[in-house]
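Residue numbers (the numbering used here): 396 to 460.
Think of the CB as a built atom: it goes at the ideal place given N, C-alpha and C, for glycine as much as any other residue.
Taking it in order: structure first as structure tokens, then the write-up.
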């Protein structure tokens with residue numbers, strides 16, 4: 396699954412893209428209400444029974460394209 400980082404964990408380079416996405420989703424009535432750090436989302440997944448959950452960052456995914 397994908398998730399969004401809290402703003403304080405953003406790299407400056409992705410700030411404009413996040414803001415554009417946020418404006419677009421708000422325009423259609425969908426708001427970003429749940430933002431997670433990688434550790435937080437792993438805890439959610441593992442406490443839901445996904446014992447093998449792991450975080451793969453966007454940077455890591457880009458390396459495999």
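Item: Proximity of residue 430 and residue 456 at Cβ, strictly below 7 Å; Value: no
Item: Beta-carbon spacing of residue 448, residue 440 below 7 Å; Value: yes
Item: Between the CA atoms of residue 407 and residue 417 - distance to the nearest angstrom; Value: 16 Å
Item: Residue 437 beta carbon less than 7 Å from that of residue 426; Value: no
Item: Where the alpha helix (DSSP H) containing residue 384 begins and where it ends; Value: A query on residue 384 cannot be resolved here, the shown segment of the chain reaching from 396 to 460 and no further.
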